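Have a look at the structure below before the remarks.
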Amino acid sequence: MSFGPRPLPDEYPAEYAQRVGEWYASWNKPDKALGQFFTPLTVARFMAGLVTRESGFTRVLDAGAGLGILSCAVCEALEGDIALEAYEVDGAMADALETTLAYAQQWMDACGRRLTYRVIRQDFILTHGEALVRPTAAPFDLVIANPPYFKLSRTDARARAAEAVVHGQPNIYALFMAVGAALLREGGQAVFITPRSYAAGPYFSRFRADFFSRMRPRVLHLFESRQEVFADVLQESLILAAECSSEDQEVLLSSSTSFAFSDVTRRIKPLAEVLGADNVLHLPLSEQDDAVAKIVRSWNGRLADYGMAVSTGPVVAFRAADLIDSHGDVPVSHAPLLWMQNVKPMRCAWPVRHRGQYIQLRSADKVLLPNQNYVLLRRFSAKEERQRLVAAPYLGDLDGAVIGLENHLNYIYRPGGRLSEDEVRGLAVLLNSSLMDAYFRIFSGHTQVNATEIRRLPLPPLEAIMELGRLAADSPAPSDALMAEALGLYA
Ligand SMILES: C[S@@+](CC[C@H](N)C(=O)[O-])C[C@H]1O[C@@H](n2cnc3c(N)ncnc32)[C@H](O)[C@@H]1O
């Protein structure tokens with residue numbers, strides 16, 4: 010069967026798959042509901058190059074195969090014979106996939122090697138989700154995938170089929186990674202390109218626990234700007250090469266800013282420095298990152314050790330819409346309502362030109378908090394913003410007995426007590442500092458700041474935090490200078 014452009018003389022299979030991809034995209038808009046983005050040739054070859062070569066016979070799984078560029082790159086990179094199973098749920102795509110794989114077979118034949126393949130036009134997760142809970146005879150030596158990326162509802166059949174790794178609203182790519190890993194034999198290899206988001210954060214915690222109980226990372230390559238790899242996807246992408254093994258080994262960390270791989274950085278780290286608590290992946294990509302991690306990890310405190318907690322602002326704007334007003338009488342009928350827009354580095358501004366700066370007091374019992382000292386933290390930052398962590402001390406200085414904090418803020422408080430001014434200012438300085446921001450970026454690729462991540466942040470001794478707070482009260486100096494002074498850091 011022939012579908013699409015013909016192969017050129019001596020064309021490599023992955024080059025042909027790329028051309029078929031261009032042709033396919035010229036008449037068929039990618040189906041966003043199926044997460045269709047094709048891997049560029051350079052990236053596909055880079056990924057295939059991460060497979061430890063075995064000269065014998067290799068059983069390969071390409072999950073969400075698209076036009077087969079990853080399978081074709083694997084055919085080029087390995088040396089022996091290959092038996093391939095390629096899952097592709099989109100019928101038109103699967104037709105074109107048959108063409109590229111038929112060409113890869115011819116090409117392998119001409120090289121004196123054998124490729125057998127099956128294009129399986131089924132949903133990969135529905136077909137194999139059970140492998141997560143009922144180990145089957147693990148048939149594959151290698152799984153390679155650029156899986157689809159999109160959020161699923163918890164009630165989606167695919168989320169249910171992979172329930173063992175689902176927490177909250179899952180992203181389908183993590184299900185592909187988990188199920189793919191579950192289908193590997195001991196010693197088998199996996200190579201995935203996905204968004205970086207699974208590397209940290211509570212929503213992927215169950216997935217990480219399952220995945221890293223089976224797999225040890227060997228190589229992590231970060232594309233520092235997602236847009237350059239796949240348009241429309243706002244996150245950084247991460248290539249992971251991992252082995253189905255329980256043996257610890259060193260990890261090669263690399264990065265580049267483009268898929269031309271013109272500026273690759275490389276370093277080798279012990280697994281213990283990469284796979285942290287809760288299986289969060291830390292990616293210290295430079296010597297500066299190492300220095301930052303060393304300082305922060307030398308601190309043993311956590312918020313809970315100091316009797317503090319962090320929560321998410323309880324006012325959910327759409328649910329409280331009829332309680333939120335743009336004018337109000339504080340403290341008679343209204344309390345001030347603080348949003349992300351009210352929180353600037355080291356200061357709160359209220360009111361600002363932003364919707365609904367007032368919340369009616371009749372909501373007091375449900376969503377308002379005592380008007381007292383808090384550290385307020387933005388939960389989101391814009392991608393282009395320099396700082397991920399933006400915190401402000403709030404010293405209870407607006408009018409009224411209660412205050413509203415909107416849901417895009419996190420706030421630090423002392424349950425059953427009160428934070429002192431020094432504690433509030435000190436924590437705000439610390440959280441705004443370049444040091445903490447750099448530490449945060451080592452493990453977090455997204456622009457969200459989760460309460461769980463703040464809960465886990467290592468903190469210096471409380472006395473040092475309070476000293477920072479005292480200095481901040483008397484000094485207009487920026488956070489980093491205060492940090493240097495109170496913690497003796499940059500001396
Ligand atoms: C991000 S694209 C990658 C395509 C190809 N692997 C590549 O690297 O260019 C993901 C592919 O998975 C397919 N897909 C989406 N959901 C699937 C599912 N549940 N089972 C099998 N394939 C699926 C899509 O149609 C799409 O072709």
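The numbering of the sequence shown is the working numbering, which starts it at 10 and goes up by one. For every residue, glycine included, the Cβ atom is placed at its ideal position computed from N, Cα and C. The structure presented is a predicted model; accordingly, all values stated were derived computationally and were not measured.
For residue 374, the number of other beta carbons within 10 angstroms of its own is below 16, and it is reported as exposed. Annotated three-state conformation of residue 344 is strand, per DSSP. Placement of the Cβ of residue 451 at a distance of 7 Å or more from every heavy atom of ligand 1 is found.
For residue 33, the closest C-alpha among the options 108, 264 and 58 is that of 108.
Straight across, the Cα-Cα distance linking residue 166 with residue 44 is about 17 Å.
Residue pairing by DSSP places residue 457 opposite 389 in a beta bridge. Remark: the C-beta of residue 192 is outside contact range of ligand 1, defined as less than 7 Å to any heavy atom. Across the structure, residue 69 and residue 153 are spaced so that their CA atoms are roughly 8 Å apart.
Secondary structure at residue 361: coil, using DSSP grouped into helix, strand and coil. In terms of Cα proximity to residue 60, the closest of 316, 185, 452 and 151 is 151. Classified as buried, residue 388 has 16 or more neighbouring CB atoms from the shown chains inside 10 Å of its CB. In the structure shown, residue 339 falls within a coil segment according to DSSP collapsed to helix, strand and coil. With distances taken between CA atoms, residue 277 lies nearest to 262 out of 50, 284 and 262. For residue 272, the CB contacts under 7 Å within the same chain, skipping 5 residues up- and downstream, are 265 and 266 in chain order. For the pair residue 351 and residue 315, the Cα-to-Cα distance works out to about 27 Å. Residues of the same chain with a CB within less than 6 Å of the CB of residue 332, apart from the 5 flanking positions on each side, are 368, 369 and 372 in chain order.
In the three-state scheme derived from DSSP, where H, G and I count as helix and E and B as strand, residue 81 is classed as helix. Close CB contacts of residue 447 within its chain, under the 8 Å cut and outside five residues either way in sequence, are with 297, 298 and 301 (chain order). Annotated three-state conformation of residue 232 is strand, per DSSP. Residue side-chain check: residue 140 keeps its Cβ at 7 Å or more from all non-hydrogen atoms of ligand 1.
177 is the residue among 250, 103 and 177 whose C-alpha sits nearest the C-alpha of residue 162. The alpha-carbon of residue 113 is positioned some 52 Å away from that of residue 399. Counting only residues of its own chain and dropping the five nearest sequence neighbours on each side, residue 136 has a CB closer than 8 Å to the CB of 96 and 129.
In this structure, residue 76 has its CB closer than 7 Å to one or more heavy atoms of ligand 1. Counting every other CB atom within 10 Å of its CB across the protein chains shown gives residue 397 a total of 16 or more, marking it as buried.
When rounded, the separation of the alpha-carbon atoms in residue 229 and residue 275 is 10 Å. For residue 345, the closest of 354, 334 and 355 by C-alpha to C-alpha distance is 334. Here residue 355 carries a coil assignment [DSSP, helix/strand/coil]. Counted as a single uninterrupted DSSP element, the alpha helix (DSSP H) harbouring residue 483 occupies residues 471-483. Ranked by Cα distance from residue 472, the options 457, 433, 454 and 441 are led by 433. Using a cutoff of 7 Å, the CB of residue 299 does not count as near ligand 1, since none of the ligand's heavy atoms is closer than that.
The beta carbon of residue 470 sits closer than 7 Å to the beta carbons of 310 from its chain, once the five residues preceding and following it are set aside; these are given in chain order. Residue 340 places its beta carbon less than 8 Å from that of residue 409. Look at the region 49-99 and you find these whole runs of beta strand (DSSP E), each 3 residues long or longer: 67-72 and 91-96.
In the structure shown, the three-state DSSP call for residue 158 is coil. Residue environment analysis places residue 144 among the exposed positions, since fewer than 16 neighbouring C-beta atoms fall within 10 angstroms of its C-beta.
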